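In the numbering used here, the protein residues as written are -2 to 360. What follows is a set of notes on a single structure, which appears directly below.
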C-alpha cells in the first residue's frame, strides 16, 4: 500500500523555509493579491514603509509589497529540485487611490521577479472565472469615455527551475508511467484557457480572516496531476484553507503547507472520514469519465489500440497503459500538524459499495 505524509506549519512564509535545498518537486500556491483592499492590513503589517507610503505614494507601496513576496519565490527556488515547478495563481487588481484609477498588473510583476531569481518562465494559463453579478461593471454606466472593462480572469503562472526533470532509475520511470493522465485529459487540461467557477471565499467562524486567496479544488487537482508524480512533495507557502493539501492527499502526493492562520486550515479538515470519501469520489469520477469517453469513441468507430491492465480499460496511447489510480483507505491524524494517508489501488478497491474511509486520531 502507498502512503503519503502531509505536514502543516503555521509560520510566516517570508522567513527561511525549514526545508533542505532541492527537497520539493512542485510549489503550488496563491498568494494574497497586492492592491486588493481585503488584504491591506496584512500587507501593512509587512513593514512600516508599506503602511506609511500607501496614502501618498501607492505605487511605491505596491512595489514594496511585491519585494516582500519575492522572498517567498526566492525560498521556493532554493527548495525546489532541478526540473521542479513553481505554479502561482494570481489576479491583477484595479483600484482608485491617490494616484488615480489604474490596474496593478500583479502577474507581470511576479513574472519579472521570478525571472530575475532564475526561474524559467513557461507558457501559462488564463483562468476565466464565471460571474453573473449584475453589479460587476465599473465606471460611468452606459455613458462612454468613463467606463472600465471588468476583470473576469486570473493568471496561472508556470515556472521551472533550470532544465527538464530527468527520470534516470527504473523506479523513477515506473512512478512517471503510473502517474500518467488519460489522453482526453491531456487534450482538455493543456490549453491556455480554463473556464470554471472560482471558490466562494466565505469561511467558517473558526477562520481568523473573512476570506482567503483560495482556488477551487479542480484547479489544484489539475496542476498537481500535470506537474508532479505520485510520491512527490508538493509545497504551498500560502496554504490558506488547505486546498493544495486536499489535492495532494487525493492524488497520492506528499505535501507541506505554511500559513499564518490556523483557523483557515481547520475549516477543511474537521471531519477526516467525510474528507477522504469526498476525495475518493473525485478519483472515481476520473475513471467514470474515461469509461464514458471510451464508450463515445467506440461508438464513433474510432480505435483505442492499447489496454490498461491496472484499470481494465482501453486507452488511446501506449503511455497510458501503466496509469493507475488509488483510493484512500485511511487518514491518520498524528497531530494538529501532520496527516498520514494510506491508499489501495482503485480498481481492486471498487466493490459495489466501497468500504468507508477510516479516520484515526492519535492521542
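The C-beta atom is built at its ideal place from N, Cα and C for all residues, glycine as well. If you're wondering where the values come from, they're calculated on a predicted model, not measured in any experiment.
Contact annotation: residue 247 and residue 218 have beta-carbon atoms nearer than 8 Å. One thing to note: residue 303 has its Cβ within 8 Å of the Cβ of residue 313.
DSSP places residue 68 within a helical segment (H, G or I) once states are collapsed to three.
Collapsing the DSSP output to three states places residue 212 in coil. The beta-carbon separation of residue 177 and residue 57, rounded to 48 Å, does not stay under the 8 Å limit for a contact. Short of 6 Å from the beta carbon of residue 339, and not among the five residues preceding or following it, lie these beta carbons of its own chain, in chain order: -2, 0, 326 and 327. Per DSSP, residue 252 lies in no alpha helix (DSSP H); the unbroken beta strand (DSSP E) holding it starts and ends at 251 to 256. Burial state of residue 271 is exposed, judged by a 10 Å Cβ sphere holding fewer than 16 other Cβ atoms.
Buried is the label assigned to residue 310, since at least 16 other Cβ atoms lie within 10 Å of its Cβ. Below 8 Å, enough C-beta pairs join the region 14 to 33 and the region 226 to 239 to call them touching: three or more. Residues of the same chain with a CB within less than 8 Å of the CB of residue 342, apart from the 5 flanking positions on each side, are 307, 321, 322, 323 and 324 in chain order. Contact check between the region 172 to 190 and the region 96 to 109: fewer than three CB pairs, one atom from each, fall below 8 Å, which does not count as touching. For residue 332, the enclosing beta strand (DSSP E) starts and ends at 323 to 332.
The straight-line gap separating the alpha-carbon atoms of residue 100 and residue 257 is approximately 28 Å. If you draw a straight line from the Cα of residue 274 to the Cα of residue 46, it is about 47 Å long. Listed in chain order, the alpha helix (DSSP H) runs fully inside the region 153 to 188 are 167 to 175 and 180 to 186, counting runs of at least 4 residues.
Positions of the alpha helix (DSSP H) runs, each at least 4 residues long and wholly inside the region 223 to 298, are given as 240 to 247, 259 to 263 and 269 to 296 in order along the chain.
DSSP lists no beta-bridge partner residue for residue 88. Rounded to the nearest whole angstrom, the CA to CA distance from residue 216 to residue 70 is 20 Å.
The beta carbon of residue 8 sits closer than 7 Å to the beta carbons of 255 from its chain, once the five residues preceding and following it are set aside; these are given in chain order.
In the DSSP assignment, residue 7 falls within the unbroken beta strand (DSSP E) covering 0 to 7. Residue 173 places its beta carbon 8 Å or farther from that of residue 119.
In the DSSP assignment, the residues bridged to residue 192 are 125. With fewer than three CB-CB distances shorter than 8 Å, the region 61 to 68 does not count as touching the region 138 to 156. If you draw a straight line from the Cα of residue 288 to the Cα of residue 316, it comes to about 17 Å. In this model, residue 318 and residue 159 are separated by some 30 Å (Cα to Cα). Each of 81, 114 and 85 was checked against the Cα of residue 152, and the nearest Cα belongs to 85.
Spatial neighbours of residue 253 in its own chain (CB-CB distance under 6 Å, excluding positions within 5 residues in sequence) are listed in chain order as 4 and 232. The C-alpha of residue 249 lies about 10 Å from the C-alpha of residue 222. Secondary structure of residue 135 (DSSP, three-state): strand.
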